[in-house]
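Heads up, the thing below is written out as structure tokens.
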Amino acid sequence: MKIPKKFPIAFAIVFLLYFSAFSALSAVSQRNTYHVSPDGTADGDGSESAPWDISTANASLLAGDTAILHGGDYEFNIHPVNSGEEGAPITYLAAKGEVPRFYRLRNGLDVEDTSYIIIDGIEVAETKFWIEAAGADHLTIRNSIFHNDKRPTSFSACYMEDMGDYLHIANSTFSKSGGDSLRIIGGNHHLIENNTFDTAGHSLLTLIAVQDSVIRNNYFSNPTQKNMEVFNSWDNDREPPERKSEYLLIEGNKFALAEAVAVDSMGWSGIQYAGSSSILRHNVFHDTGLGIDIALYDGSDQDAWSNTHNRFYNNTFYKNGYQSMVGGDSNGTGVGFLPYSSPKWTSDAFQAYYSYEDQIFSNNLFYLNQSMVPSSPRSAQIVFDHNAKPEYSRLYNNLLFYTKAEQPIIFFRDEWEWYTVTEFERAYPEFAEGNIQADPQMVDPENGDFTLQETSPAIDSGRDLTFATAPGTGNLIPVQDALYFSDGKGVVNPDIIRVNGQRATIIRVDYENNTLEISETLSWKTGDPVTLDYAGDAPDIGA
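For the sequence shown, the working numbering assigns the number 91 to the initial residue and increments by one for each residue that follows.
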């Protein structure tokens, strides 16, 4: 279209903007919805009365299109040829009240190297792989069921290697995999939330080289082995630097029933953890062999060569360790610091590179966990094993209790020493303070109610997480330790904090410079406490 020479420039700009917006709106309005059925055909038009088969849908769907999947068993998998676009994903959606099932295929979903795909409401059963998604980005899987009741899956039931960014898995169930139920290697800004993971030959959820991601409000239960692993990148050449799993937020999860299944077998962990610069908070660990294994070891890859700068706070550890051995030797209990870093056990390359430091445990509750190390006190809630040292971890305002006061509660295996809370703080005042050894008085922990009774000594006994390091007025607060806080990683809401009692919402956390950018304008002094928002007179202890 030609614009007359005397046509006002401002009007021309407005006209072009309007025309562009109209064109975009027209493109959006052309998004199509198609019906797909196990009885559909390639000759159908995709209407409800003449649905497509799944192969036709896979080949035909374009950005912005939705396939309504009707119930029944499909002979072929979901395997889109095209990708969606930002704001215009390709969606596979179960018809209301119906269950589309992908049964005894190689996989239920093949979305490798695709972008902007949404899968909603399907069932995948008795397949070799539940999902193959290597190289995918902006992939959403929700409201779906994945299970193998009659035959094992491959080792990685959900094969997600070399992942792009923004994987979102929500409100789904993963049950009975042959190895790892959900194994994610690489990528940033993933969100795994509100899922149920039950029974895997190895691990229910494995994160390798995953960064700036959130794992929240999931339930894990694995009577076969461990619940979750966090590791660094695979590198068969073993040349640093590896890609770490770091800046994770793991919160609000329940980890249960990771136990030994054979005589002299090791009790498995709620989490075997070798990440860095991450937050683990508001989780409950119960009835596992070892609540958290703070791991470091050599091995054939670099997956656990570094484990540094993590913040564990307001978690609850209950009755871990009882499942840790079926007759034999184990380090099971609430938390175990387990660095296999002695030169006697490791390679020269590992010795030149490994890092294991700066683990802080604050405001956590340990109750009725038991150590299974031979000749050690069963009452130990925390075990420093192998060549672990107190300086690897700091313990602030935790509650630790077994059955009565003044029992040994912290155990050092190599030096064969054990301590009450008072003895430990006296021996290592630079690494521990404010801890309590008292009955936590939970409502009904045996039946899963970990709520504190009104008379609990854990109420209002927690510690403020950090403090302001300089006075100021504005919305950028310098703090002593920013690692306690999250700005949402681009996938969830950011933290709400208190600055000397004043509430504020975080906009951005600068971990390198230890600053918090907030949405409100506040004033503060040097030393003013900065912590997560809480109810009551002070933070509580426990999840």
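Glycine included, every Cβ here is placed at the ideal spot set by N, Cα and C. Bear in mind that the values here come from a model prediction, so they are computed numbers and not experimental data.
When burial is assigned at 16 or more other CB atoms within 10 Å of the CB, is residue i buried or exposed?
{"i": "alanine 560", "result": "exposed"}
{"i": "proline 433", "result": "exposed"}
{"i": "serine 335", "result": "buried"}
{"i": "aspartate 255", "result": "buried"}
{"i": "glycine 591", "result": "exposed"}
{"i": "valine 425", "result": "buried"}
{"i": "threonine 563", "result": "exposed"}
{"i": "proline 190", "result": "buried"}
{"i": "phenylalanine 245", "result": "exposed"}
{"i": "alanine 111", "result": "Bear in mind that the predicted position of alanine 111 carries a pLDDT of just 44, short of 50, making it too unreliable to give a figure here."}
{"i": "glutamine 543", "result": "exposed"}
{"i": "proline 519", "result": "exposed"}
{"i": "aspartate 133", "result": "exposed"}
{"i": "glycine 177", "result": "exposed"}
{"i": "tryptophan 506", "result": "exposed"}
{"i": "alanine 522", "result": "buried"}
{"i": "aspartate 393", "result": "buried"}
{"i": "tryptophan 435", "result": "exposed"}
Can you look up residue i in the DSSP assignment and give me helix, strand or coil?
{"i": "tyrosine 337", "result": "coil"}
{"i": "tyrosine 443", "result": "helix"}
{"i": "arginine 516", "result": "helix"}
{"i": "leucine 257", "result": "strand"}
{"i": "tyrosine 492", "result": "coil"}
{"i": "serine 119", "result": "Below a pLDDT of 50, predicted positions are generally treated as unreliable, and serine 119, at 43, falls in that range; the measurement from the model is reported next regardless. Of the three classes helix, strand and coil, the one that applies to serine 119 here is helix, per DSSP."}
{"i": "leucine 347", "result": "coil"}
{"i": "isoleucine 500", "result": "strand"}
{"i": "aspartate 627", "result": "coil"}
{"i": "alanine 185", "result": "coil"}
{"i": "tyrosine 412", "result": "coil"}
{"i": "tyrosine 249", "result": "strand"}
{"i": "alanine 215", "result": "strand"}
{"i": "threonine 423", "result": "coil"}
{"i": "aspartate 438", "result": "helix"}
{"i": "alanine 147", "result": "helix"}
{"i": "serine 613", "result": "strand"}
{"i": "tyrosine 309", "result": "strand"}
{"i": "asparagine 537", "result": "helix"}
{"i": "leucine 152", "result": "coil"}
{"i": "glutamate 332", "result": "coil"}
Alpha carbon to alpha carbon, how far is residue i from residue j?
{"i": "alanine 288", "j": "phenylalanine 310", "result": "Checking the sequence, you will find aspartate at residue 288 rather than alanine. Approximately 6 Å between the Cα atoms of the pair."}
{"i": "arginine 503", "j": "alanine 517", "result": "16 Å"}
{"i": "aspartate 585", "j": "serine 303", "result": "15 Å"}
{"i": "glycine 418", "j": "proline 313", "result": "Note that glycine 418 scores 42 on pLDDT, short of 50, meaning its location in the model is unreliable and no value can be drawn from it."}
{"i": "alanine 184", "j": "glycine 268", "result": "27 Å"}
{"i": "histidine 228", "j": "lysine 579", "result": "15 Å"}
{"i": "leucine 297", "j": "alanine 140", "result": "43 Å"}
{"i": "glycine 130", "j": "isoleucine 144", "result": "8 Å"}
{"i": "isoleucine 305", "j": "asparagine 284", "result": "9 Å"}
{"i": "phenylalanine 321", "j": "arginine 273", "result": "11 Å"}
{"i": "histidine 125", "j": "tyrosine 337", "result": "42 Å"}
{"i": "threonine 156", "j": "aspartate 210", "result": "11 Å"}
{"i": "tyrosine 446", "j": "isoleucine 587", "result": "29 Å"}
{"i": "aspartate 135", "j": "leucine 370", "result": "51 Å"}
{"i": "glutamate 138", "j": "phenylalanine 407", "result": "52 Å"}
{"i": "phenylalanine 219", "j": "glycine 276", "result": "19 Å"}
{"i": "leucine 257", "j": "histidine 280", "result": "5 Å"}
{"i": "serine 234", "j": "glycine 422", "result": "34 Å"}
{"i": "leucine 428", "j": "threonine 541", "result": "30 Å"}
{"i": "glutamate 251", "j": "asparagine 197", "result": "16 Å"}
{"i": "asparagine 477", "j": "alanine 290", "result": "31 Å"}
{"i": "threonine 243", "j": "lysine 266", "result": "8 Å"}
{"i": "phenylalanine 501", "j": "leucine 490", "result": "13 Å"}
{"i": "proline 547", "j": "leucine 458", "result": "16 Å"}
{"i": "aspartate 623", "j": "glutamate 513", "result": "32 Å"}
{"i": "asparagine 167", "j": "glutamine 471", "result": "48 Å"}
{"i": "methionine 462", "j": "valine 473", "result": "10 Å"}
According to DSSP, what are the bridge partners of residue i?
{"i": "methionine 532", "result": "Leu542"}
{"i": "valine 620", "result": "Thr556 and Val589"}
{"i": "threonine 263", "result": "Ile235 and Thr286"}
{"i": "tyrosine 124", "result": "Ala157"}
{"i": "valine 473", "result": "Gly426 and Phe501"}
{"i": "serine 205", "result": "Asp227"}
{"i": "leucine 281", "result": "His258 and Val304"}
{"i": "tyrosine 509", "result": "Ile500"}
{"i": "isoleucine 361", "result": "Met318 and Ile382"}
{"i": "glycine 562", "result": "Trp614"}
{"i": "asparagine 400", "result": "Gln449"}
{"i": "aspartate 210", "result": "Leu183 and Arg232"}
{"i": "asparagine 197", "result": "Phe219"}
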